[in-house]
Structures are given as C-alpha cells and as structure tokens.
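Numbers 0 to 238, taken from numbering that gives the first Met the number 0, label the letters of the sequence shown in order.
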Amino acid sequence: MAKPEQIPIEHHLSSEELLKRIKSLEKDTRVLQRLYFVKHRYEGASVTESAKLVGTSKPVAYQWQERWNKDGYDGLIPRFAGGCPSKLFDEQKEKLEKILHQRDDWSTKEVKELIFNKFNVTADVGNPMHTDGVIDQYQNQAAHMAYELHVSNSWSSGHCYNNIVKSNIAYKTVTDPGVATQNLAKFSNPYYDTLWLEVNKGMHQDTLYQNANIKYMTQVLVSQTSKYVNGLAYYLKNS
C-alpha cells in the first residue's frame with residue numbers, strides 16, 4: 000500500500016483528460032515520461048515509487064511535481080522552443096561565409112576551430128543550460144555561471160574536454176544547419192534536469208571538478224557537439 004505524501008499533487012486535469020493528453024503525445028517522449036509520472040501520482044504512488052516506474056531519479060521527480068503543481072501541464076514542457084537557434088545560426092552563417100570567402104584554402108580543421116571559437120551558436124546548444132530551465136536559471140544565475148566556468152577551466156587542463164574535440168573525427172551529416180542546430184539542442188535538452196541538480200549540490204569549482212556525474216555528462220555532451228560541429232564544418236567548406 001502506497002504511503003501518504005506530505006505534499007499532495009494538484010489535479011489540474013481530470014484522470015480522463017490526463018490519459019487523453021498522454022495518448023496525444025506518444026511521440027514526445029520527454030513530456031510523455033513526465034505525464035506518466037503524474038499519472039502514477041494520481042493513482043496514489045509516492046514520488047519515489049513513481050520515479051522508479053518512469054525511470055528517473057527522486058530529485059528530478061520532485062522537480063517535475065513542483066513544476067506541475069505550479070504550472071500544470073505547461074510546467075512539464077521543456078522551455079526550449081526550437082526556433083531561436085535556427086534563426087541565430089542563419090545570422091551567424093552569413094558572417095561565417097564572408098570570412099570563408101576571403102580565402103579558398105581552408106582546411107576542415109580550421110573551419111571547425113572557427114566555428115567553436117567565433118561562431119558558437121551550434122556549440123552553445125550542446126549545453127543543456129542553453130536549451131531548458133529558463134525560469135530556474137533566472138532565479139539562480141550563479142549555477143549557470145558556475146557550470147560554464149567549470150567547462151572553461153577544464154577545457155585545456157584538468158579534465159581536458161578540448162581533447163575530445165581534437166581527437167574526434169566522427170561527424171553528423173549536415174544538410175541544413177538550422178535543423179542540425181535544433182537536433183543538437185534536442186539531444187542536450189534531456190540532460191538539463193540532472194545537470195542542474197548536480198551543479199546545485201555544490202557550486203565551488205573544486206566541487207564541480209570532483210563531481211563524476213558532471214564530468215561524465217559534459218564529456219558526452221562535448222562529444223556529441225563535436226560531431227555536429229564536424230558535420231557543419233564539412234557542410235560549410237563544401238557549400
């Protein structure tokens with residue numbers, strides 16, 4: 000028998016409406032996972048039990064419940080709309096092409112470095128904090144800044160995240176830079192909840208450096224970002 004929760008979950012939708020919304024969103028797995036969590040809570044399961052049933056951690060589950068209780072269904076939707084990176088990239092792409100047209104002997108490696116160093120819209124969305132958590136980060140900008148400082152400090156020393164970029168020769172085929180940027184954002188976005196919780200456990204740089212979960216997630220994200228940037232470099236060099 001499920002234990003009673005001290006913090007009840009608000010019934011913003013009826014059970015019938017909740018099931019209807021779940022069926023209509025089967026393709027949106029992130030929202031669907033959160034809605035199933037709410038469904039289990041409706042049925043009397045505790046937060047811990049519901050978290051296990053949908054395959055998420057207890058801290059993340061409490062965050063979902065807090066968002067649901069405050070904003071209902073809208074609180075479960077990732078706060079990244081997907082249109083902004085494409086628009087930004089279109090503007091950056093024009094500037095980048097002007098630079099590339101100044102000479103005709105660019106190597107793919109040089110184009111890749113140019114994208115990372117000066118035109119980092121694509122690279123930016125590889126950071127989950129740029130694709131979700133607008134409200135969280137507005138209320139606590141220190142966590143965002145602490146994580147970005149960690150990545151910067153560990154880029155060429157310590158964890159040497161830059162080595163992942165240098166050694167990676169794999170690439171994602173890019174035929175539309177805007178779509179590629181959105182796809183990378185979709186990849187990084189699911190990491191937001193866990194990364195945010197890990198960073199908020201301790202924002203001192205030594206603490207972040209010693210956090211194995213942060214290191215692992217950052218390595219995965221940098222690796223995937225590098226593949227998209229490689230693909231973008233090939234696309235721009237040959238377009």
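Glycine included, each C-beta is placed from N, C-alpha and C at the ideal position.
Source: prediction; values computed, not measured.
Between S49 and L183, the alpha-carbon positions lie close to 29 Å from each other.
Within the same chain, and ignoring the five residues on either side of L52 in sequence, the residues whose Cβ sits closer than 6 Å to its Cβ are H39. In this structure Y227 is buried. Its beta-carbon is surrounded by 16 or more other beta-carbon atoms within 10 angstroms. Excluding the 5 residues flanking it on each side, L196 has same chain C-beta neighbours closer than 6 Å at P58, in chain order.
Relative to the Cα of Y233, the nearest Cα in the group L18, T180, Q223, Y170 belongs to Y170. In this structure, DSSP gives D175 a state outside helix and strand, which the three-state scheme calls coil. Within 10 angstroms of the beta-carbon of N229 lie 16 or more other beta-carbons, which makes it buried.
Straight through space, the alpha carbons of N199 and K185 are spaced by roughly 23 Å.
Proximity of the region 91 to 103 to the region 217 to 224 falls short of the contact definition, fewer than three beta-carbon pairs being nearer than 8 Å. Secondary structure at H11: coil, using DSSP grouped into helix, strand and coil.
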